[in-house]
Each structure stands twice: as C-alpha cells, then as structure tokens.
Amino acid sequence: MVAVPTSTESRAAEILSRLELTVTKRLDGLLQGDYRGLVPGHGSESGETRPYVAGDDIRHIDWNVSARSIETHVRESIADRELETWLLVDRSASLDFGTASMTKAELAVSAVGAVGFLTAKTGNRLGAVVVGDGATRVVPARPGRNHLLALLHGLLAPSSARAGEDASSGTTELGAALKHLVVPPRRRGLVVVVSDFLAADAWEQPLRALASRHEILAVEVVDPRELELPSVGMLTVVDPETGRSREVPTNRRTRERYAEAAAAQRADIADRLRRSGVGHLQLRTDRDWVLDIVRFVGRRKRAGAQR
C-alpha cells in the first residue's frame, strides 16, 4: 500500500522545494556566494595577538597579554573549516498568523532555510532549539541536507501538531529557551535567533550572555497587520497563545493609538536587541525577504569596511 500524502504534507513539500530553489539560485546569486556575509564572524581557534585599534570587538581583547605589555591587545582567530551554527526558532502559536504573502511561521522557516542551505553545502554542522507554547525541543548539531530538510519540515507543522504541543498552553518563554544555548556552553560559532520577539519574559539578559561567546543574528519576523488595524468596524481579535478574545472598535482614534503602541513596541524590541550587542534583521511577510537579506548583508559589509 502506498501512503498518500496529506494536503499539509504536500504544501510543506512544495514550500521546501521552492525555498531551496530560492536560496540556492536567487539568494546565493545575489550574495555572489559570500554566505558568511549573512552572519559575519570569526572562527573559534585562537591565533596571533595585535594591538587594539578603534572599532575592534572588545570581546576579542586578550587581557593576559594586555596586562603584560601595558597595552591593550586583541587576539585574532582562525576561521574554522567546519563551522557550527545554532538556530533558536520560535514556533509558538503567534507565528501561525499572516495577512500578506505568507504566514510569519513560513517567513521564519525561510530565514532558517537561508542560513541552512547556504552553510550546509560546505559541510557545516547545524543544530537547533525549537521553542513553542510550553515545550522546548533541542535538535543536535549535524551536517547534511537531509538533516536540514527534516528540521524545516518539522518547523512547518502547525504549532498544535508538533510533538503533542497544545497551542493554548501559554505564552512562550524565549529567555528560558536561550538558556539552552548558554548552558551547557556550545562550541563557539554562529547563533541565529528567529522570532517575533513578542515573548513577555525577560530574554534580553540571556541573549546578552550568549553574545559574549558567539556571533548572534536576531531575525525579527513581522506581519503588517501587527503594525496597524484595518477600518472594518467592530473587530474580534484573539490571542493565539492564550486563546483570549476581545472586541475592538476600529475607529480612527483606536487605529491611531494602536499604530502608536505598535511602533513603540517595535522600537523597544530594536533597542533591546541593540543593547544586547547582536545583529538585527527584520523580515516582513509583505516584503521580499530575499532582498531584505541582501540589503542587510550590504550594510554589514559597509560597516565592516569603515572600521
């Protein structure tokens, strides 16, 4: 008997096939093969020291050498041939939402695929911590395309269908999930955090602790309806993580107040990420995420060239 794939499985296969083609053809072409520009960073093996110059990363200061020479020195590092990348992926119910070309979950998977497909082809190891509504799953770091595809396929499943999770089991604790990458300490490398960063818990401190050891890229996924309300009279809104609903009148004053609050919320998220010392890339469901990544890489390269 031949198993007939369900509509969900067929859609997942279609999305993954399109994603791999997009990353390997379009994105890789626009980046001209320089995938390291997506998350620039050094390797983890210690190299030679040299005097500190303005613009150097203070995390690379060698305090022992600096104390002996009475001059601040930084230690260069040798790029690893085999890079280990860790992903922290928010797959809470709040991401099963989208009013544009895709859901936030599909956009998050696109971001994961961009990192995965561009780095997996060189034999690099990829691991993940997947957090969703009361459950956290750790996927060990392994190399290979099949490992990546299995991870992406699992991320595409609705939140309520993954590992018996209950989509209404409560809010996501992003800070607690980050601690899975802090303790036990992972091999120095790249960490990409993909989330809408709407978690109510304190995630800034563990993110800062993680940034003291790794190069971090925070990918914020946003839907335009989270930034402004439509004018549709009385609107019923439901919190996907708690199940609570509320009737909201979408008059002009309410829409203005909502837009102001949403803008302030996003500004606060950006400020907290900046204070944590991580790279910040915002992707939206109503924009071309490939071009947003390319622009981000361009800005990082220009900033590095000016140091």
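Take this note's numbering: the final residue in the sequence shown is number 1197, and no numbers are missing along the way.
Quick reminder that beta carbons are idealized off the backbone N, C-alpha and C, glycines included.
My output table needs one value for residue i: the three-state DSSP class, helix, strand or coil.
i, result
"Val1019", "strand"
"Gly1169", "strand"
"Ser907", "helix"
"Ala1025", "strand"
"Arg1145", "helix"
"Pro930", "Unreliable placement is indicated for Pro930, whose pLDDT of 47 sits below 50; the coordinate value is still reported in the next sentence. Of the three classes helix, strand and coil, the one that applies to Pro930 here is coil, per DSSP."
"Val1073", "coil"
"Leu1038", "helix"
"Ala1151", "helix"
"Arg1136", "strand"
"Val1180", "helix"
"Ala1047", "coil"
"Arg1078", "coil"
"Thr939", "strand"
"Thr1126", "strand"
"Ala998", "helix"
"Ala1010", "helix"
"Asp1056", "Caution is warranted here: a pLDDT of 40 is assigned to Asp1056, below 50, making its placement in the model unreliable, and the coordinate value is therefore given only provisionally. Three-state DSSP puts Asp1056 in coil, outside helix and strand."
"Ala1004", "helix"
"Ala902", "helix"
Inspect the beta-carbon positions of residue i and residue j and report whether they are closer than 8 Å.
i, j, result
"Leu985", "Gly1006", "no"
"Arg1078", "His1104", "yes"
"Arg965", "His950", "yes"
"Ala1018", "Val1072", "no"
"Thr1015", "Glu974", "One point to set straight first is that residue 1015 is Arg, not Thr, in the sequence displayed. The answer is yes: Cβ separation under 8 Å."
"Asp1178", "Thr989", "no"
"Val913", "Gly1003", "yes"
"Glu1116", "Ile1159", "no"
"Ala1089", "Thr1062", "yes"
"Val1020", "Arg981", "yes"
"Tyr1148", "Leu1119", "yes"
"Val1029", "Leu1046", "no"
"Ala1108", "Val1083", "yes"
"Leu1008", "Asp1086", "no"
"Ser991", "Asp1176", "yes"
"Arg1136", "Val1122", "no"
Could you check how far apart the C-beta atoms of residue i and residue j are, in whole angstroms? I think they sit under 8 Å.
i, j, result
"Leu977", "Val1180", "Wrong, their Cβ atoms sit about 19 Å apart, outside the cutoff."
"Ala1001", "Leu1163", "That pair is no contact at about 15 Å."
"Ala983", "Pro1130", "4 Å"
Counting Cβ pairs closer than 8 Å, one from the region 994–1009 and one from the region 1023–1033, do we hit at least three? no
| message | Three or more C-beta pairs under 8 Å: does that hold for the region 1168–1179 against the region 1131–1143? | response | no
Q) Which residue spans inside the region 949–992 form an unbroken beta strand (DSSP E) run of at least 3? A) 963–968 and 974–980
Are the region 1093–1111 and the region 1065–1080 touching by the rule of at least three beta carbon pairs closer than 8 Å? yes
Note to self: Please give the ranges of any alpha helix (DSSP H) in the region 1082–1124, keeping only runs that are unbroken, at least 4 residues long and fully inside the region.
What the structure shows: 1094–1101
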